[in-house]
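S.K.: Structure below; questions to follow.
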Amino acid sequence: MLVSFKQLKHFSIHATDGDIGGCRDLLFDDQDFVVRYLVADTNTWLPLSRKVVISPISVTELDLDGESVHVSMTAETLQQSPSIDEHKPVSREYEETLFQYFGYGYYWIGPGAWGDFAHPGELADGGAGEQEPESDTPKPENHLRACGEINGYDVQTSDGDLGHVCDFVFDTTDWALRLVVIDTRNWLPGGKKVVVTPTALRVIDWSSHKVDVAMDQNTLQNQPEFDAGRLAEEGYLQSLIEKA
1 MLVSFKQLKH
11 FSIHATDGDI
21 GGCRDLLFDD
31 QDFVVRYLVA
41 DTNTWLPLSR
51 KVVISPISVT
61 ELDLDGESVH
71 VSMTAETLQQ
81 SPSIDEHKPV
91 SREYEETLFQ
101 YFGYGYYWIG
111 PGAWGDFAHP
121 GELADGGAGE
131 QEPESDTPKP
141 ENHLRACGEI
151 NGYDVQTSDG
161 DLGHVCDFVF
171 DTTDWALRLV
181 VIDTRNWLPG
191 GKKVVVTPTA
201 LRVIDWSSHK
211 VDVAMDQNTL
221 QNQPEFDAGR
231 LAEEGYLQSL
241 IEKA
């Protein structure tokens, strides 16, 4: 199932015993290009400046019609999960604590984006998490980026800036980032929204608020045009990828 970041920002999050707020943001891995966490909007039920993240490992259903994400935990379980400050990044140390709390296998142990597994849900019962790293082994860094932060970044090509990032498209089968949507209308008369695959991204620079893509302006403006209304259409994603 395909879903865009703009869609998910309007989704509510449902625990096994009721509503626990809405989806505020997504954190994706800029190396494996998969969603690592949904950031929950907790302002109504948790102290201010506390950030709560939910791994796709917990997601049991994504209801497009009902605009809701269902997770395999109670509201109290989420409320008692390890806390992180709103203005601090999600560190690998925090991830270890979080995954131990939920009893999940570590996605960073194994060859793939989800360790030894193809789908995040397979880590729900421990999985590769039983392979504890040695305590004196240096902890690898994660590579998390917030969609809400990058959304709006200018796009830099090999011969100048053109457009800005305006959306992201994910496949919820494995929560992979499939497409980045770029709006060129503020830069070119008669511009349009086009898509690139994540492999086209060379650098995401938070200091300059730019995304560097591996193509020139002409190639970018001739990328496939994006139509959000067709995301549910069978074969639409593949047709865009083939043209990108």
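UniProt numbering puts the first residue of the sequence shown at 1, with every later residue one more than the last.
Glycine included, every Cβ here is placed at the ideal spot set by N, Cα and C.
(1) Identify whether Gly191 lies in helix, strand or coil by the three-state DSSP scheme.
(2) Below 8 Å between beta carbons: does that hold for Arg145 and Leu27?
(3) To the nearest angstrom, how far is it from the Cα of Gln100 to the Cα of Asp183?
(4) Could you tell me the alpha carbon to alpha carbon distance between Thr74 and Gln80, rounded to whole angstroms?
(5) What number of angstroms, rounded off, separates the C-alpha of Gly21 from the C-alpha of Thr173?
(6) Since Gly115 contacts Gly105 with CB under 8 Å, what's their CB separation in whole angstroms?
(7) Would you report the Cα separation of His227 and Gly18, rounded to the nearest angstrom?
(8) Counting Cβ pairs closer than 8 Å, one from the stretch 200 to 218 and one from the stretch 228 to 241, do we hit at least three?
(9) From which residue to which residue does the beta strand (DSSP E) around Ser207 run?
(10) Assuming His143 and Asp216 form a contact by the criterion Cβ under 8 Å, report the distance between their Cβ atoms to the nearest whole angstrom.
(11) Quick one, are the C-beta atoms of Lys192 and Val181 less than 8 Å apart?
(12) Please say whether Val39 and Arg24 have beta carbons closer to each other than 8 Å?
(13) Helix, strand or coil for Gly112, going by three-state DSSP, please let me know.
(14) Hey, quick one: how far does the alpha helix (DSSP H) through Lys6 stretch, first residue to last?
(15) I'd like to confirm the pairing. Which residues does DSSP put opposite Gly152 in its beta bridges?
(16) Mapping the DSSP letters down to three states, classify Ala124 as helix, strand or coil.
(17) Report the CB separation of Gly103 from Gly66 in whole angstroms; it is logged as a contact under 8 Å.
(18) Could you tell me how far apart the beta carbons of Ser58 and Phe168 are, in whole angstroms, since I believe they sit closer than 8 Å?
(19) Taking all protein chains shown into account, do 16 or more other C-beta atoms lie within 10 angstroms of the C-beta of Leu2, making it buried, or fewer, making it exposed?
(20) How many angstroms separate the CA atom of Asp85 from the CA atom of Val53?
(21) DSSP three-state call for Thr42: helix, strand or coil?
(22) Thinking C-beta only, is Leu62 closer than 8 Å to Thr157?
(23) Check each candidate in Ile204, Leu162, Val213, Phe170 and name the one with the smallest Cα separation from Pro189.
(24) Cβ atoms of Ile204 and Ile150: under 8 Å apart, would you say?
(25) Within the continuous beta strand (DSSP E) that includes Glu61, where are the two ends?
M.R.: This is what the structure holds:
(1) Here Gly191 sits in coil by DSSP.
(2) A contact, by the Cβ cut-off of 8 Å.
(3) Roughly 41 Å between the two C-alpha positions.
(4) Distance between the alpha carbons of Thr74 and Gln80 is about 10 Å.
(5) One Cα belongs to Gly21, the other to Thr173, and the distance between them is close to 23 Å.
(6) Indeed, because the Cβ distance is near 6 Å, the residues count as touching under 8 Å.
(7) Per the sequence presented here, residue 227 reads as Asp, with His not at that position. The straight-line gap from Cα to Cα measures roughly 34 Å.
(8) Contact between the stretch 200 to 218 and the stretch 228 to 241 is absent, because fewer than three Cβ pairs lie under 8 Å.
(9) Ser207: not part of any beta strand (DSSP E); DSSP gives it neither H nor E.
(10) Wrong, their Cβ atoms sit about 27 Å apart, outside the cutoff.
(11) No, they are not a contact pair.
(12) Taking a C-beta distance under 8 Å as the contact criterion, Arg24 and Val39 qualify as a contact pair.
(13) In the structure shown, Gly112 adopts extended strand secondary structure according to DSSP, grouped into three states.
(14) Here the alpha helix (DSSP H) through Lys6 covers 5 to 8.
(15) Gly152 pairs with nothing; no bridge assigned.
(16) Ala124 sits in coil when the DSSP states are folded into three classes, being neither helix nor strand.
(17) With a Cβ gap of about 28 Å, Gly103 and Gly66 do not count as contacting.
(18) Their Cβ separation, rounded to whole angstroms, is 20 Å, which puts Ser58 and Phe168 out of contact at 8 Å.
(19) It is buried - the Cβ of Leu2 has at least 16 other Cβ atoms within 10 Å.
(20) Each residue's CA atom was taken as its position, placing Asp85 and Val53 some 11 Å apart.
(21) Thr42: coil per DSSP, three-state reduction.
(22) Result no, Cβ atoms of Thr157 and Leu62 do not sit closer than 8 Å.
(23) Measuring from the Cα of Pro189, the nearest candidate turns out to be Leu162.
(24) Yes, they are a contact pair.
(25) Note, Glu61: beta strand (DSSP E), 59 to 63.
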